[in-house]
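Working notes, beginning with the structure itself.
Numbering (full-length UniProt numbering), first residue to last: 1 to 282.
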């Protein structure tokens, strides 16, 4: 599945399994027992081992530390800047379909409607994203709520952030704050566009969030709706590799990108070399 990705396209390098290892562009990566691989960090993003107790199985497997991420996939880019001005914040997501959804109607372990077929329905799923943001930014506790809808697209999410502001602000003034932030200090994390963009325009985008200035509206100086896009697969994966990888902060190129790079390597935590790969060009 690394080589043939329905959303991001075919990987241009070589991929094979050999001697219980994944070999990408000739570089071997241990993927089984953490202890045998010498893994120090395990990033838990499966959505299965989401509690301290469950994630402990990684430690038993030989990992030294486990980073649990599923509830923190939603990047709180705008919430930070609005923390001290917003009286109330509501965010609404349009999600791409996910692997746990049904192609046709079937049983669901959670809500009944989660079992409805994705091809014919817009489905409002349960989400704990607002609770996760409260943990990351305690100042927003009691100010933030949200809901989501699954729609029939393979990738990319759009967020509608609705804010009631304590301090009056023109929409253009908000744009003037967000744009410089996207250039510094949030360069590579937050992006900014005034284009009439659609979801496919952000496929394989490495940013955590792209503020679509031309899509937002303001009812008045105290009530605004801000629109942001992000690739919930690619952008998220790149940021996981950024802060927790051996090279620190997020970079413009990632080992998860779907193009091979010219002969450049970086060491893994196990002392092996992982391939360095350029972003996709499609």
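Where a beta carbon is used, it is the ideal one built from N, C-alpha and C, also for glycine.
Chain-order list of residues whose beta-carbon lies under 6 Å from that of residue i (same chain, five-residue window excluded)
i: residue 107; result: 115
i: residue 215; result: 227
i: residue 182; result: 190, 191, 192
i: residue 218; result: 171, 224
i: residue 158; result: 94, 229
i: residue 234; result: 204
i: residue 73; result: Because the pLDDT of residue 73 is 42, which lies under 50, any placement of that residue in the model is unreliable, and the number read from its coordinates should be weighed accordingly. Result list for residue 73: 236, in chain order.
i: residue 43; result: 67, 240
Minimum C-alpha distance to residue i - residue among the options
i: residue 10; options: 18, 1, 195; result: 1
i: residue 23; options: 38, 3, 42; result: 3
i: residue 99; options: 232, 132, 238, 239; result: 232
i: residue 47; options: 200, 68, 185, 142; result: 68
i: residue 238; options: 204, 158, 220, 128; result: 204
i: residue 88; options: 55, 165, 180, 220; result: 165
i: residue 15; options: 8, 5, 26; result: 26
Same chain, Cβ closer than 8 Å to residue i, five either side skipped, listed in chain order
i: residue 123; result: 101, 113, 114, 116, 149, 150
i: residue 118; result: 97, 101, 102, 103, 150, 152
i: residue 105; result: 115, 116, 117
Sequence-distant residues of its chain with Cβ nearer than 7 Å to residue i (five each side left out)
i: residue 145; result: 90, 130
i: residue 126; result: 110, 111
i: residue 245; result: Here the model assigns residue 245 a pLDDT of 45, short of 50, so the residue's position is not dependable, and the following value carries that caveat. Cβ within range, chain order: n/a, list empty.
i: residue 57; result: 49
i: residue 35; result: 61, 62
Paired residues, beta bridge with residue i - DSSP
i: residue 88; result: 164
i: residue 65; result: 41
i: residue 193; result: 212
For residue j and residue i, believed in contact at Cβ under 8 Å, the rounded distance
i: residue 156; j: residue 209; result: Not really, about 12 Å apart at Cβ, beyond 8 Å.
Problem set entry | Ordered list of alpha helix (DSSP H) runs contained in the segment 117-189, each at least 4 residues | 129-136, 171-183
For this session: Starting from the N-terminal side, write out each stretch of the beta strand (DSSP E) that is 3 residues or longer and does not extend beyond the segment 196-224.
Result: DSSP runs (the beta strand (DSSP E)) wholly in the segment 196-224: 209-212, 217-220.
Exercise. What alpha helix (DSSP H) runs, 4 residues minimum, are completely inside the segment 6-40?
Worked result: Within the segment 6-40, the complete alpha helix (DSSP H) runs of at least 4 residues are 34-37.
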